[in-house]
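**Q** When we follow numbering that gives the first Met the number 0, the leftmost residue of the sequence shown carries the number 0, and every step to the right adds one.
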Amino acid sequence: MLSYILHRILMLVPVLFGVTLVSFLLLHMVPGDPAEILAGQEATKEAVDRIRAEYGLDQPLAVQFVRFVWNAVRGDLGISIQSRHPVGELLFQRLRFTLQLSLASILVASAMGLVAGIISSTRQYSIFDNASMLGALFGISMPIFWLGLLLILIFAVRLHWLPSGGTGTLRHFILPAIALGSASAAVIARMTRASMLEVTRQDYIRTARATGYRERVVIFRHALKNAMIPVLTVFGLEFGYMLGGAVLTETVFSLPGIGRLLVEGIFARDYPVVQGAMILVATTFVLVNLLTDVAYAFFDPRIRYE
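(1) If distances are taken between C-alpha atoms only, which option among T97, L25, G77 and S131 comes closest to A188?
(2) Taking 9 Å as the cut-off, decide whether the C-beta atoms of A185 and I143 are in contact.
(3) Is P175 helix, strand or coil when you go by DSSP?
(4) Per DSSP, I78 is paired with what?
(5) Roughly how many whole angstroms lie between the Cα atoms of G242 and V107?
(6) Name the two residues that bound the continuous alpha helix (DSSP H) containing V72.
(7) Out of curiosity, what's the CA-to-CA distance linking V86 and T291?
(8) Using the three-state DSSP reduction, which class does G164 fall into: helix, strand or coil?
(9) Among the residues of its own chain, which have a CB less than 8 Å from the CB of I78, if the five just before and after it don't count?
(10) Going by DSSP, what residue range makes up the alpha helix (DSSP H) through D48?
(11) Check whether the Cβ atoms of A178 and L146 sit closer than 9 Å, and answer yes or no.
(12) DSSP three-state label for T291, please.
(13) Can you name the start and end residues of the alpha helix (DSSP H) that G140 belongs to?
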């Protein structure tokens, strides 16, 4: 197990290098000069050149990339072109809001997805099964920003039950968590249903029922634990996707998280901020998948990584 974990940690290096290279190239392919945006429309050419030289934007792309990677390895993600604050501090300030939103969303997705999937598998082809799978189809199909605006219109504008955005209390995270977690809940529900149906057809489940165990014991003690192995993979992937989906959610609900900072950085051509946010999201995604793989051993003791 330890060797497997070390191997996965070492695999972070090429993944992060690839993310850094792709984000760096894409940013510099986008039209626009951050020095001109920062200097303003009426700035002179000398002022623009001075800003460009200050941030090293006058250097060749290869030199800029090597310098950024070298500084990032040492923990220095650079200085924001727009706010002139260290990128590491900006990311740290915004990270807790994104983590709170992602954790709340995965809790919503888990509760809705597992309950719907378990009940659908035990009542296959029933009205609830058909309705939940139809709802899962809508959940996967609906764009996050559209669902977020719809929730704001209903629960904030019409009913005045919940705030439309901002932070401060738990109530502020209810609508964003539902909007961000709905698609994941749909995926978890479908995966749980399929995995449970496969497990409940196994011989040991029929044996457990034949020995006189109650149906609740058969489902939760024997079937669900074995059916959770493929569902865990979905948990890890969906949590990683939530970090990316938080870009739209935080923008719609005006949450000061990593996603909103990333959008602001893209519009301002703030290269250090965008590159730092991409590295942070990629690192979190890989670490979550590592924890998911390690959690397999808890649900299936037969799994051993050599």
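Backbone N, C-alpha and C define an ideal beta-carbon position, used for all residues, glycine too. Since the model is a prediction, treat every value here as computed from it, not as a measurement.
**A** For this structure:
(1) It is S131.
(2) No, these two residues do not count as a Cβ contact at 9 Å.
(3) P175: helix per DSSP, three-state reduction.
(4) P85.
(5) Residue 242 is actually Leu in this sequence, not Gly. When rounded, the distance between both Cα atoms is 15 Å.
(6) Run containing V72: L60 to V72, per the alpha helix (DSSP H) assignment.
(7) Between the alpha carbons of V86 and T291 lies a gap of roughly 29 Å.
(8) Coil.
(9) Result list for I78: Y54, H84, P85, V86 and P271, in chain order.
(10) Run containing D48: K44 to E53, per the alpha helix (DSSP H) assignment.
(11) Taking C-beta atoms as the reference points, A178 and L146 count as a pair closer than 9 Å.
(12) It is helical.
(13) Note on identity: in this sequence residue 140 is Ser, with Gly being the wrong assignment. Judged by DSSP secondary structure, S140 falls within the alpha helix (DSSP H) whose first and last residues are I126 to S140.
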